[in-house]
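Encoded as structure tokens, the structure appears first; notes follow it.
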Amino acid sequence: MARQLGFRHIETIHAIVLTGSVTGAATRLHVTQPAISNVLRDAEERLGLSLFERRGGRLIPTAHAEALFAEIERSFVGLESINSFAARLNNDQHRALSVACTPAFGASILPQVTAEYSKRSHKTMFFVHSRVAHHVAAQVSSGKCDLGFGLEVPPVPGVECEVIGELPIMCYLPKGHKLVSKKWIQPEHLLDEPMISLSSIEGVDVLAKAAFESCERMPESVIECPAAILACSMVAAGLGFVLFDALPSLICDPARLVVRPFRSDSRLRYCAYRLKSKSANPEIDQLTELARAALARVIGTK
């Protein structure tokens with residue numbers, strides 16, 4: 511029966527996988543190379559397994575070591591979180607908030623929200639996680655994030671969803687495109703134009719289908735992107751048009767693409783996600799209201 515590993519064994523294996531050598535691990539852990547070699551040898555004896563192969567001066571993890579490393583990484587995330595919190599205690603910065611959001615929201619709205627929040631509460635550390643729409647609520651559900659901002663998705667058990675804004679559909683066109691002279695873009699204007707579509711991962715793939723429901727056909731899709739920010743970069747390169755809301759327009763270069771209102775009754779609905787068990791939380795309430803106000807300003811300018 512294998513003997514249990516101690517913390518010294520675990521951190522040594524972790525350091526060797528990360529650095530690829532005994533020398534690198536010793537430097538990382540501030541110990542001698544013989545100490546690393548001895549701990550590794552003892553770990554392998556305890557497990558009855560070979561964890562590394564030596565190739566050209568490098569230590570290559572075996573399949574067993576790779577599997578063990580993945581498990582160690584999960585534990586180290588928690589340890590790093592504790593160390594990070596301890597550092598904030600030393601700096602008198604106790605509060606930490608973890609926020610998940612979609613890429614477009616994170617690039618355009620979240621900076622406004624965090625800037626305003628920081629003016630009122632200076633001792634908060636933000637951890638921001640950029641995720642596609644369907645994964646935002648999942649991050650909250652798993653407890654990895656305190657708050658999520660993103661497009662509305664089907665209900666997730668244990669997660670409270672609060673609508674904070676609805677944005678109209680806009681059409682993003684390359685600079686100099688023949689349609690930029692139009693005040694409004696109609697679905698029929700785009701039928702013969704190359705379309706950059708958004709994948710189901712982002713949660714808005716049905717948008718294009720609904721937009722051209724009244725037409726006999728849809729434009730030909732030439733590229734599919736998982737995020738609106740990436741799709742707009744494709745538009746700026748002259749590869750086609752994309753339909754989305756106004757958020758990317760807040761950060762995109764107006765010298766490279768043009769945004770026009772799209773004639774559609776559809777709206778993209780943004781929500782704030784939190785655990786139902788955290789329904790009474792002043793910090794989350796404040797961030798949610800700041801996000802709602804920021805989205806309202808976008809609606810007021812479009």
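Residue numbering for the sequence shown follows this note's numbering, starting at 511 and increasing by one per position.
Glycine included, each C-beta is placed from N, C-alpha and C at the ideal position.
Since the structure is predicted, the reported quantities are computational estimates derived from the model, not experimental observations.
Output the distance between the C-alpha atoms of residue 585 and residue 532, rounded to the nearest integer angstrom.
22 Å
If we ignore side chains and look at the alpha-carbon of each, how far apart do residue 775 and residue 678 end up?
8 Å
From 802, 699, 760, 725, residue whose alpha carbon lies closest to that of residue 783:
802
Tell me the DSSP bridge mates of residue 639?
610
Restricting to Cα atoms, I'd like to know which of 618, 633, 637, 622 is closest to residue 610.
637
For residue 680 and residue 754, the rounded distance between their alpha carbons
5 Å
Taking 8 Å as the cut-off, does the region 760-769 touch the region 659-667 (at least 3 CB pairs, one atom from each stretch)?
no
In terms of residues, what are the limits of the alpha helix (DSSP H) holding residue 782?
From DSSP, residue 782 is part of no alpha helix (DSSP H) but of the beta strand (DSSP E) over 777-785.
In or out: residue 770 buried (at least 16 other Cβ within 10 Å) or exposed?
buried
Distance, Cα to Cα, residue 800 vs residue 623?
6 Å
Hey, is residue 628's beta-carbon within less than 9 Å of any beta-carbon in chain B?
Any reference to chain B falls outside this structure, which holds one protein chain only.
Can you tell me whether residue 613 is buried or exposed, with buried defined as 16 or more other CB within 10 angstroms of its CB?
buried
Straight-line CA distance for residue 481 to residue 575?
With the chain covering only 511 through 812, there is no way to say anything about residue 481.
To the nearest angstrom, how far is it from the Cα of residue 653 to the Cα of residue 791?
15 Å
Touch test, the region 551-561 against the region 513-526, Cβ-Cβ under 8 Å, three pairs minimum:
yes
Locate the alpha helix (DSSP H) running through residue 739, then write down its first and last residues.
738-746
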